[in-house]
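Residue numbers (my numbering), protein chains in the order written: chain A, 3 to 242; chain B, 4 to 321; chain C, 1330 to 1618.
For each residue, glycine too, the CB sits at the ideal point set by N, CA and C.
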Amino acid sequence: MTEALIVRNLAKQFGGLRAVHDVSFTVREHETLALIGPNGAGKTTAFNLIMGFYRPDAGSVCAFGREIVGLRPHDVCIHGVARTFQVAKPFGGMTVLENVMTGAFLRDRHRDGSRANAREAIAFVGLSARESTPARDLTTIDQRRLEMARALATQPRLLLLDEVMAGLNPAEVDQAVGLVEKLAARGLTVVIVEHLMRAVRALAKHIVVLDHGQKIAEGAPTEVMNNPEVVRAYLGSSGH
Amino acid sequence: MPISRRGLLVGAVIAVMAVLPLAVKSSFALDIFIRILLFAFIGTAWNLLGGYAKQFSLGHSAFFGLGAYTSTLMQIDLGISPWIGMLAGGVAAMLASLPIGWICFRLRGPYFTIATIATAQVLMLIFLKLRDFAWGAEGTTIPNLGNAPLMMQFDGKVPYYYVVLVLLLVALAITAWIGHSRIGYYLLALGEDQDAAEAVGIDVPRVKRDIYMISAFLTAMAGTFYVQYIYFIDPNTAFNFSISIEAALVSIVGGVGTLLGPLIGTVLLETTSALLQSWLGNLAGVQVTVYSLILMAVILWRPTGIMGYLAELRARRR
Amino acid sequence: MVEIVAQAVINGLLIGGIYALVSIGVTLIFGVVKIVNFAQGEFVMIGMYITFFLATQFGLDPLVSLFVCMPVLFVLGVLIQHFLIRRVLGLNDLPQIFLTFALSLLIVNIALMLLTANYRTVHTAYSDEAFHLGGLYVPVAKLIAFGVAMLLSALLWAFLRTTDLGKAMRAASQNREVAQLMGINPNRVFAVALGIALALAGAAGSLLMPFYPAYPMVGQVFVLMAFVAVVLGTLGNVVGALIASLLMGIAESLGIQFVGADSGLIVVFLLLLVTLAVRPSGLAGGHTR
């Protein structure tokens, strides 16, 4: 199988703080990888580095065979990597449809084509009823759905989902897990950052654990959960 | 889709604007209408950058002045028609917008605004010093050639009215086209959230740069027109901060990011100004005091402006 | 030559004290409330006119007017926060930029209407006096202005470091959410920040009157210097704004001395642009590359 994402020796410092240090992992195509770790472990920073929002101090990121370090986020997106944000960033004044169309325009410059693709993505996440709602009027979970639809509209091959479960009630979590499963079923390669172990266990067979910016464990769920390093890192943090 | 109804409305408005000079003979009134159309034009140009993309420039006088000086220099030094000078001024402004944008777009929010103010002021100061090249602080009048359409000079106000009307319609057409295209979505998106826009594949710096060029081009054309209309240019007039302010003001009051917002805003503000002038004469500070009160009222109670308020009413009725 | 430079440095340093009062206010508001106060200069102007009024009507020395100006402007700051600023917090850029900008226009033009554009000056016993220190000419009025400015800055610094309210302001400046979780009432903190900032601006106005004329637009020059100093000194950093203001005063003075009297403004603008171009981080909305 080909590699969707190869991260090698990724490092980033902010002032004196080593946010990410010597992190390496590989994501195979079509698999779902979970990136977990206590708060402040560097997970979102890793996403920002992969997407090009930050430039790493060292290391390389290869997506589908191409080095993407140094590319700006929009080029990374063109290359097939999309992300959602931990705190949703909808285009508030635009409707749901307009939001997703903005993403769809990447692959189809014309309004009609882009609208059709957008509607497909909106249907996929179950937001069709809210197509004409201004994004700022959506509930939290609907904004998450919107984030996902908008990212999907760019037709990514690799999707980075940053804590999509945060703040959701159990029923909503189940819905969200279902959505991610559907994504995986479509063949999308997915990397999720998650705190919710229930979701992690349901979605990922391959887990990477970060703590204080460094990778401390990698592997299948059971072996990672039983790893004493991981347990120690989580002592004091709650993992369900 | 209510396109036909909206199309009818727009057509009606344009028709009214087209025949207005035939009905109104007063030179004073025509002057007001010309001012309205001119500032609606400038506001529409500003709106592309400030209204849609939410990059709030208060430095558009830089482009107005560059347009004014380019065409005037070409006219007086080289005898070239201001019609060509107008386009040349637009190009000059476009080129200027590149380095200006390079500096200013490194900043966001209020710091972008401050930077644009600073660049416009620097340009004014430069032209105040350019005595040999561009008449310095004294400025110059342009020779009165009587009725010389090829040199953009006319007898009477009516032709000027039509010139600036065409300019406005061009700007509105460009705005309408952009609003419905991919670029329009991209502008609105980056205006809402630049990082999210990047994440969906929008080349934000490039879009900002492109729209700045268009906005600058159009604003410069207004500068050329204005010199031709008042037969005079000097740095204080051409680069006046009040031009930057009014460009932003009419769009905010009328509704940022809407097609007709700047036009509506201009009608409201310029009419108010004309009324104030007839009641209170030319008392210093009155006009801007009223303008700033209107601006504050809009910001505090109706930040989406007049067009936004109308849209709200329409939505509520559904 | 050395004397010329030394004199220019002294001149610049003294006026730098005034710039400091204005820029500290701007940086305080930006740090705590996260709003750029475009109208800061206008409050200097108000302070100047209050001082002028008290001097001409009641014969009050500007230094005495200081004790009137500062409280009055403090209250004004609290009112402005309560009635205006509070309503645009948490909104996007447009209201936050244009509200204080509109306020600035409003104040200048009301002043223009009511007070006319004429220059107003106050002449005190010490307006023309100067100390002669080793060949250097040190105007008394400017020295007093500098001294009081430094004193007020020191008092503010102490306030921020030692009092609960001051610490609350620093906390709100660094991390609003955490501060709120700790039970700090943001509106109260913001009101105090506005009040202090405007009081400092008013103080600057009083201190300026003995040697600087008042007119409606006078604030605009000072606010420009303030913005440059705030950016140079790092946004939100009070000590940084102070030091940067002093340096800018010196730079401006040297510029006037060696480049030309009317080149001062262009130098400042260029300095602002260069600063903004060179230090975008912290102004670039959060993401570094």
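*asked:* For residue 174 of chain A, report the span of its alpha helix (DSSP H) as first-last.
replied: One-based indexing of the first sequence puts residue 174 of chain A at position 172. Where residue 174 of chain A is concerned, the enclosing alpha helix (DSSP H) stretches over 172-187.
*What does residue 1462 of chain C touch in chain B if you count any residue whose Cβ is under 8 Å from its own?*
Reading the third sequence from its first residue, position 133 is the one you call residue 1462 of chain C. The premise fails here: residue 1462 of chain C is roughly 35 Å from chain B at the closest Cβ pair, so nothing lies under 8 Å.
*Establish whether the CB of residue 152 of chain B and some CB of chain C are separated by less than 7 Å.*
The count along the second sequence starts at 1 and reaches residue 152 of chain B at position 149. It does not; no Cβ of chain C falls within 7 Å.
*In whole angstroms, what is the alpha-carbon distance linking residue 135 of chain A and residue 51 of chain B?*
Translated into positions along the first sequence, residue 135 of chain A becomes position 133. Translated into positions along the second sequence, residue 51 of chain B becomes position 48. Taking the straight line joining both Cα atoms gives about 24 Å.
*Rounded to a whole number of angstroms, what is the C-alpha to C-alpha distance between residue 60 of chain A and residue 72 of chain A?*
Here residue 60 of chain A is taken as the residue at index 58 of the first sequence, counted from 1. Here residue 72 of chain A is taken as the residue at index 70 of the first sequence, counted from 1. Cα to Cα, the separation comes out at about 11 Å.
*Members of the region 146-172 of chain A that neighbour chain B once the beta carbon cut-off is set at 9 Å*: Closer than 9 Å at the C-beta level to chain B, one finds these residues of the region 146-172 of chain A: 149, 152, 153, 155 and 156.
_Restricting to Cα atoms, I'd like to know which of C:1369, C:1540, C:1384 and C:1603 is closest to residue 1406 of chain C._
The sequence position of residue 1406 of chain C within the third sequence is 77, counting from 1. Closest by alpha carbon: C:1369.
*Taking DSSP as the reference, what is the three-state secondary structure of residue 1340 of chain C?*
Along the third sequence, read from residue 1 onward, the residue named residue 1340 of chain C stands at position 11. In this structure, residue 1340 of chain C counts as helix in the three-state DSSP scheme.
*Under 7 Å (Cβ pairs) to chain B, residues found in the region 89-108 of chain A*: Listed by position, the residues of the region 89-108 of chain A near chain B (Cβ gap below 7 Å) are 91, 93, 94, 95, 96, 100, 103, 104, 105, 107 and 108.
*Let me know if residue 158 of chain B comes out buried or exposed under the rule of 16 or more other beta-carbons within 10 Å of its beta-carbon.*
Translated into positions along the second sequence, residue 158 of chain B becomes position 155. By the neighbour-count rule (16 or more Cβ atoms within 10 Å), residue 158 of chain B is not buried but exposed.
*Identify the contact partners of residue 204 of chain A in chain B, using a Cβ-Cβ distance below 7 Å as the criterion.*
Taking the first sequence and counting its residues from 1, one reaches residue 204 of chain A at position 202. Residues of chain B passing the Cβ test: none, with the nearest at roughly 26 Å.
*Count the other CB atoms within 10 Å of the CB of residue 195 of chain B; is the residue buried (16 or more) or exposed (fewer)?*
Along the second sequence, one-based indexing puts residue 195 of chain B at 192. That one is buried.
_For a quick check, are the C-beta atoms of residue 1416 of chain C and residue 296 of chain B less than 7 Å apart?_
The residue labelled residue 1416 of chain C in the question sits at position 87 within the third sequence. The residue labelled residue 296 of chain B in the question sits at position 293 within the second sequence. Contact: no.
*According to the Cβ coordinates, are residue 1474 of chain C and residue 1373 of chain C closer than 7 Å?*
Position 145 of the third sequence, counted from the first residue, corresponds to residue 1474 of chain C. Position 44 of the third sequence, counted from the first residue, corresponds to residue 1373 of chain C. No; because the gap between Cβ atoms is not below 7 Å, this pair is not in contact.
*Between residue 137 of chain B and chain C, is there a C-beta pair that is closer than 7 Å?*
Start at 1 with the first residue of the second sequence, and residue 137 of chain B comes out as number 134. By this cut-off, residue 137 of chain B is not an interface position.
*According to DSSP, what are the bridge partners of residue 217 of chain A?*
Numbered from 1 along the first sequence, position 215 holds the residue referred to as residue 217 of chain A. DSSP, once it has assigned bridges, lists A:212 as partnering residue 217 of chain A.
*Closer than 7 Å, CB to CB, is residue 208 of chain B near chain C or not?*
Working through the second sequence from its first residue, we reach residue 208 of chain B at position 205. For residue 208 of chain B, the answer is no, since every Cβ of chain C falls outside 7 Å of its Cβ.
_Quick check on the DSSP output: the beta strand (DSSP E) that includes residue 26 of chain A runs from which residue to which?_
For this step, residue 26 of chain A is matched to residue 24 along the first sequence. Residues 19-30.
*asked:* Just to make sure I have the definition right: I need the residues of chain B whose C-beta is within less than 7 Å of the C-beta of residue 80 of chain A. Which are they?
replied: On the first sequence, position 78 is the one that residue 80 of chain A refers to. Result: 204.
*Going by DSSP, name the residue or residues bridged to residue 164 of chain A.*
Taking the first sequence and counting its residues from 1, the one referred to as residue 164 of chain A is at position 162. The partner list for residue 164 of chain A (beta bridge, DSSP) reads A:195.
_Element boundaries [alpha helix (DSSP H), containing residue 1401 of chain C]_ = Here residue 1401 of chain C refers to the residue found at position 72 of the third sequence. Element bounds for residue 1401 of chain C: 1391-1409.
*asked:* Quick check on the burial criterion: 16 or more other C-beta atoms within 10 angstroms. Buried or exposed for residue 1 of chain B?
replied: There is simply no residue 1 of chain B to check, as chain B begins at 4 and stops at 321 in what is shown.
*asked:* Please report the straight-line C-alpha distance between residue 231 of chain A and residue 211 of chain A, rounded to a whole angstrom.
replied: Taking the first residue of the first sequence as 1, we reach residue 231 of chain A at position 229. Taking the first residue of the first sequence as 1, we reach residue 211 of chain A at position 209. Rounded to whole angstroms, residue 231 of chain A to residue 211 of chain A spans 10 Å at the Cα level.
*If you draw a straight line from the C-alpha of residue 230 of chain B to the C-alpha of residue 1526 of chain C, how long is it?*
Looking up residue 230 of chain B in the second sequence gives position 227. Looking up residue 1526 of chain C in the third sequence gives position 197. Distance between residue 230 of chain B and residue 1526 of chain C, taken at the CA atoms: about 43 Å.
*Would you call the CB atoms of residue 103 of chain B and residue 122 of chain B closer than 7 Å?*
Looking up residue 103 of chain B in the second sequence gives position 100. Looking up residue 122 of chain B in the second sequence gives position 119. A contact, by the Cβ cut-off of 7 Å.
_Those runs of the alpha helix (DSSP H) which lie wholly inside the region 33-60 of chain A and span at least 4 residues_ = 45-53
*Roughly how many angstroms separate the alpha carbons of residue 131 of chain A and residue 311 of chain B, rounded to a whole number?*
In the first sequence, residue 131 of chain A corresponds to position 129, counting from 1. In the second sequence, residue 311 of chain B corresponds to position 308, counting from 1. Here the alpha carbon of residue 131 of chain A sits roughly 24 Å from the alpha carbon of residue 311 of chain B.
*Under 7 Å between beta-carbons, which chain A residues line up against residue 185 of chain B? List them in chain order, please.*
In the second sequence, the residue the question calls residue 185 of chain B occupies position 182. Within chain A, the residues near residue 185 of chain B are 107 and 111.
*Return the bridge partner residues of residue 14 of chain A from the DSSP annotation.*
Along the first sequence, one-based indexing puts residue 14 of chain A at 12. A:22.
*Ignoring anything shorter than 4 residues or poking outside the region 91-141 of chain A, list the alpha helix (DSSP H) runs there in chain order.*
98-106 and 113-127
*Is residue 1416 of chain C helix, strand or coil when you go by DSSP?*
Indexing the third sequence from 1 puts residue 1416 of chain C at position 87. In the structure shown, residue 1416 of chain C sits in a helix (DSSP, three-state: H, G or I).
*Can a CB atom of chain B be found closer than 7 Å to the CB of residue 1442 of chain C?*
Position 113 of the third sequence, counting from 1, holds the residue named residue 1442 of chain C. By this cut-off, residue 1442 of chain C is an interface position.
*For residue 158 of chain A, the three-state DSSP class (helix, strand or coil)*: On the first sequence, position 156 is the one that residue 158 of chain A refers to. Three-state DSSP puts residue 158 of chain A in coil, outside helix and strand.
*Classification of residue 1331 of chain C by the beta-carbon crowding that lies within 10 angstroms, buried from 16 upward*: Start at 1 with the first residue of the third sequence, and residue 1331 of chain C comes out as number 2. Burial call: exposed.
*Could you confirm whether any beta carbon from chain A is found closer than 7 Å to the beta carbon of residue 55 of chain B?*
Against the second sequence, residue 55 of chain B aligns to sequence position 52. Chain A, which has no Cβ nearer than 7 Å to the Cβ of residue 55 of chain B, makes this no.
*Taking just the CA atoms, how far does residue 87 of chain A sit from residue 169 of chain A?*
Within the first sequence, the letter at position 167 stands for residue 169 of chain A. Within the first sequence, the letter at position 85 stands for residue 87 of chain A. Here the alpha carbon of residue 169 of chain A sits roughly 14 Å from the alpha carbon of residue 87 of chain A.
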